[in-house]
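Numbered per full-length UniProt numbering, the sequence shown spans residues 1 to 148.
We put the CB at the ideal spot given by N, CA and C, even for glycine.
In what follows, a structure is listed as structure tokens, so that the remarks can point back to it.
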Amino acid sequence: MGDLLEERSRGVSTELSLSHYNPFTIKKKMKPSDLGNLCRLLVPSDLVEKHILPFLNTAQANQVAGVMSRQETNRGLKVRVWDVNTGSMHQLVFKRWSTSRSYIFNDGWTKDFVKRRNLAEGDEIGIYWDKDQCRFTFSVLSRACLVR
């Protein structure tokens with residue numbers, strides 16, 4: 001009991017716990033708009049601003065945000081995306097979508113992920129920015145239950 005009180009007073013703990021580390025800081029259940037003819041994956045702004053933007057350099061962040069001269073359109077930042085489930089690398093464009101102020105992945109999203117991975121409404125995907133590899137990592141975390 002004395003050790004426990006000392007640990008608490010010092011703000012430390014020797015208690016062990018088993019926990020599963022999950023690097024996928026952005027998780028999303030697929031919606032029809034992510035799978036359809038809009039050809040883009042919409043990612044909530046709050047998650048991007050918390051888990052991605054702080055780890056990009058200034059030039060990368062400016063490309064994502066579309067900080068440029070008025071004559072130019074926001075082409076976004078070309079990014080590599082590692083599909084951890086299939087061991088394959090893909091290239092997408094990551095940018096801030098001007099109409100909704102949200103962030104999107106496009107230019108290959110439908111072909112390289114929706115169709116190739118046969119994504120369906122309700123499937124949950126995970127994405128995180130791997131700052132050591134300067135790329136995104138993607139995974140299908142769970143598949144939607146099929147109701148027949």
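Own chain, CB closer than 6 angstroms to residue 131, minus 5 neighbours either side, in chain order:
Once the five neighbours on either side are set aside, the close Cβ partners of residue 131 are 55.
Nearest residue (CA-CA) to residue 121, options 24, 41, 23 and 22:
41
Assigned exposure category for residue 46 - 16 Cβ within 10 Å defines buried:
exposed
Grab the span of the alpha helix (DSSP H) containing residue 84 for me, first residue to last.
Taken as a continuous stretch (DSSP letters only), residue 84 belongs to no alpha helix (DSSP H), as it is neither H nor E.
Using the C-alpha atoms, what's the distance from residue 99 back to residue 38?
13 angstroms
Could you compute how far the alpha carbon of residue 135 sits from the alpha carbon of residue 85?
15 angstroms
heavy atom of the ligand NAP below 7 angstroms from residue 91 C-beta:
Only the bare structure without any ligand can be found here, which leaves the ligand NAP out of the picture.
DSSP three-state call for residue 47: helix, strand or coil?
Looking at residue 47 - three-state DSSP - the assignment turns out to be helix.
Grouping DSSP H, G and I as helix and E and B as strand, with all else coil, what is residue 119?
When secondary structure is reduced to three states using DSSP, residue 119 falls in the coil class, being assigned neither helix nor strand.
Range of the contiguous alpha helix (DSSP H) that encloses residue 58
Its alpha helix (DSSP H) spans residues 58 to 65.
Rounded to a whole number of angstroms, what is the C-alpha to C-alpha distance between residue 62 and residue 53?
10 angstroms
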